[in-house]
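Numbering-wise (the numbering used here), the sequence shown opens with residue 2 and increments by one.
No residue lacks a Cβ here, since even glycine has one placed at the ideal position from N, Cα and C.
Since this is a predicted model, take the numbers as computed values, not measurements.
Here the structure comes first, spelled out in structure tokens, and everything after it is commentary.
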Amino acid sequence: MKAVVTGGTGMLGKKLGKALLARSEITKIVLFDVVDPGDTPKDSRIEVVVGEVFDPATIAKLITPDTGAIFHLAGVVSAGAERDFDLGYRVNLDGTRVVLEAARKLPKPAKLVFASSLAAYGGDLPDVIPDEFRLTPQTSYGIQKAMGEMLVADYTRKGYLDGRSLRLPTIVVRPGKPNLAASTFASSIIREPLAGQKAVCPVSADAWMPLLSPRRCIEAFMRAYDLPSSDWGWNRSLMLPSLDVTVGEMAEGLKRHSGAKAFDLIEWKQDEMIAKIVAGWPKRLDSKRARKMGFQSDTSMDELIRNYVEDDMPKAA
Ligand SMILES: NC(=O)c1ccc[n+]([C@@H]2O[C@H](COP(=O)([O-])OP(=O)(O)OC[C@H]3O[C@@H](n4cnc5c(N)ncnc54)[C@H](O)[C@@H]3O)[C@@H](O)[C@H]2O)c1
């Protein structure tokens with residue numbers, strides 16, 4: 002059976018490709034993306050295909066009758082979708098519809114896992130968000146993700162596919178370089194000091210961040226895929242559990258791991274624009290349903306940092 006990962010050469014896509022190699026029922030893994038930086042896992046079962054997710058002809062060739070699993074991760078991230086309205090809708094909304102339409106044509110409904118985001122919440126938020134909280138996103142990105150979840154739910158209801166949407170918290174520590182997301186500092190303030198480099202923190206120490214490590218996030222994708230359809234029932238969207246900490250607690254975690262010298266590499270320099278965006282995000286999540294379904298978050302900053310060191314931190318030469 003073939004598994005397709007859209008956004009397959011992205012940070013999570015590559016890791017998912019590697020995790021799928023452990024599955025004996027999956028004989029081919031196609032990592033589909035608009036770019037191929039050439040750093041995907043090397044294995045005879047993995048193929049990288051380059052193209053635009055919103056192009057129906059390209060996706061019809063990608064999602065062929067032997068496809069049984071689709072992980073839909075292709076997306077323009079938050080600040081990118083805010084800056085370029087047309088691109089955001091083309092990739093995040095039209096692209097999702099194209100993927101779902103191709104899946105609909107399959108002889109047997111495929112399992113599809115969609116990467117949604119906490120940005121689907123917005124407006125006046127309580128300090129702790131319960132599972133059943135309304136989606137009133139306040140950014141184009143959040144609205145596109147919320148619409149993606151609705152589409153996945155409707156295609157599932159019609160029996161065209163077996164969909165599952167995961168609302169991802171901020172994924173930290175992201176390996177590599179900062180990206181366009183407004184949340185990119187949350188990785189930088191851990192990753193850069195661990196490498197002996199300075200990092201600027203644009204928000205104050207009391208700002209809250211719901212976090213999940215890439216390791217836990219990939220476990221969640223695999224769990225979402227593995228659970229039988231009956232466990233999901235009519236509700237195909239799930240807020241993932243997170244480690245909810247303040248930025249100050251993140252920095253303290255760094256200090257416990259690497260000492261005061263690393264901690265001192267964080268420069269606290271408020272950026273009003275970023276601070277305002279972060280203040281509008283969910284602070285803490287009460288993900289009862291996900292925990293009941295067996296999804297897990299990191300339990301402490303210590304574990305989250307350790308996961309980065311073990312999985313992604315470049316080893317000293
Ligand atoms: N990382 C996070 O903190 C986080 C949080 C919430 C949601 N998400 C969502 O999870 C998914 C994966 O996140 P990530 O951190 O790996 O991001 P990423 O940016 O590393 O990966 C997204 C991939 O989508 C690809 N893409 C963009 N436009 C495309 C197009 N037109 N056609 C095909 N591919 C295209 C990009 O090239 C990129 O490789 C995204 O949909 C993102 O919105 C991520």
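Is it true that the CB of R168 sits closer than 7 angstroms to the CB of R237?
In this structure, R168 does not lie closer than 7 angstroms to R237 by Cβ.
If you count every other CB in all the chains shown that lies within 10 Å of the CB of R257, and 16 or more means buried, which is it?
Burial state of R257 is exposed, judged by a 10 Å Cβ sphere holding fewer than 16 other Cβ atoms.
Would you call the region 189-207 and the region 38-56 in contact, with 3 or more CB pairs under 8 angstroms?
With contact defined as three or more Cβ pairs closer than 8 angstroms, the region 189-207 and the region 38-56 are not in contact.
Is the distance from the Cβ of T247 to the Cβ of D207 below 7 angstroms?
Yes, the Cβ-Cβ distance between T247 and D207 is below 7 angstroms.
Nearest residue (CA-CA) to R175, options I144, E133, I219 and V153
Restricting attention to I144, E133, I219 and V153, the CA atom closest to the CA of R175 is found in I219.
If you pair each beta-carbon of the region 79-99 with each one of the region 137-146, do three or more pairs fall below 8 angstroms?
The region 79-99 vs the region 137-146: in contact.
Quick check: the Cα distance between I278 and F134, rounded to an integer number of angstroms?
Distance between the alpha carbons of I278 and F134 is about 20 angstroms.
Hey, how far is the Cα of V310 from the Cα of D67?
V310 and D67: Cα-Cα distance of roughly 37 angstroms.
Taking 6 angstroms as the cut-off, is the C-beta of G8 nearer than that to any heavy atom in ligand 1?
At least one heavy atom of ligand 1 is nearer than 6 angstroms to the Cβ of G8, so yes.
In terms of residue numbering, what span does the alpha helix (DSSP H) encompassing G89 cover?
Looking at the DSSP string, the run of the alpha helix (DSSP H) that includes G89 is F86 to G89.
Mind reading off the beta-carbon distance from A20 to M223? Whole number of angstroms is fine, and I expect it under 8 angstroms.
Contact between A20 and M223 holds: CB atoms are separated by about 6 angstroms, below the 8 angstroms threshold.
Is any heavy atom of ligand 1 found at a distance shorter than 6 angstroms from the C-beta of A103?
Flag unset: Cβ of A103 not near ligand 1.
Using only alpha-carbon positions, find the residue among L162, I191 and D299 that is nearest to L113.
Measuring C-alpha to C-alpha distances from L113 to each of L162, I191 and D299 identifies L162 as the nearest.
Pull up the CB-CB distance for A263 and L195, whole angstroms please, since I reckon it's below 8 angstroms.
Contact flag correct, Cβ pair sits at about 7 angstroms.
On the three-state DSSP scale, how would you describe G69?
For G69, the secondary structure class from DSSP, reduced to helix, strand or coil, is strand.
Our contact map puts A252 next to I267 with C-beta atoms below 8 angstroms; I'd like the distance itself, whole angstroms only.
Rounded, the Cβ-Cβ distance is 6 angstroms, consistent with contact.
Looking at S118 and ligand 1, is the gap between the Cβ and the nearest heavy atom below 6 angstroms?
Set against 6 angstroms, the gap from the CB of S118 to the closest heavy atom of ligand 1 is smaller.
Under the assumption that L74 contacts V173 (Cβ atoms under 8 angstroms), give the Cβ distance between them as a whole number of angstroms.
In fact, because the Cβ distance is near 17 angstroms, the residues do not count as touching under 8 angstroms.
Exposed or buried, what is V36 when buried is set at 16 or more other beta-carbons lying within 10 Å of its beta-carbon?
The residue is exposed, with fewer than 16 neighbouring Cβ atoms inside 10 Å.
Which one or two residues does DSSP pair with C202 in a beta bridge?
Note: C202 sits in a beta bridge opposite W269.
Consider the C-beta atom of T97 and the heavy atoms of ligand 1; say whether any pair is separated by less than 6 angstroms.
Closer than 6 angstroms to some heavy atom of ligand 1: that does not describe the Cβ of T97.
Does the beta carbon of G171 fall short of 6 angstroms from some heavy atom of ligand 1?
Residue identity check: residue 171 is Thr in the sequence provided, not Gly. The answer is yes for T171.
For T28, which of A317, G69, K293 and P57 has the nearest alpha-carbon?
T28 has its Cα closest to that of G69, out of A317, G69, K293 and P57.
Is any heavy atom of ligand 3 found at a distance shorter than 6 angstroms from the C-beta of A75?
Of the ligands this structure carries, namely ligand 1, none is ligand 3.
I want to check one thing, is the minimum distance from the CB of G11 to the heavy atoms of ligand 1 below 6 angstroms?
For ligand 1, at least one heavy atom lies less than 6 angstroms from the Cβ of G11.
Three-state secondary structure (DSSP) at V100?
Three-state result, V100: helix.
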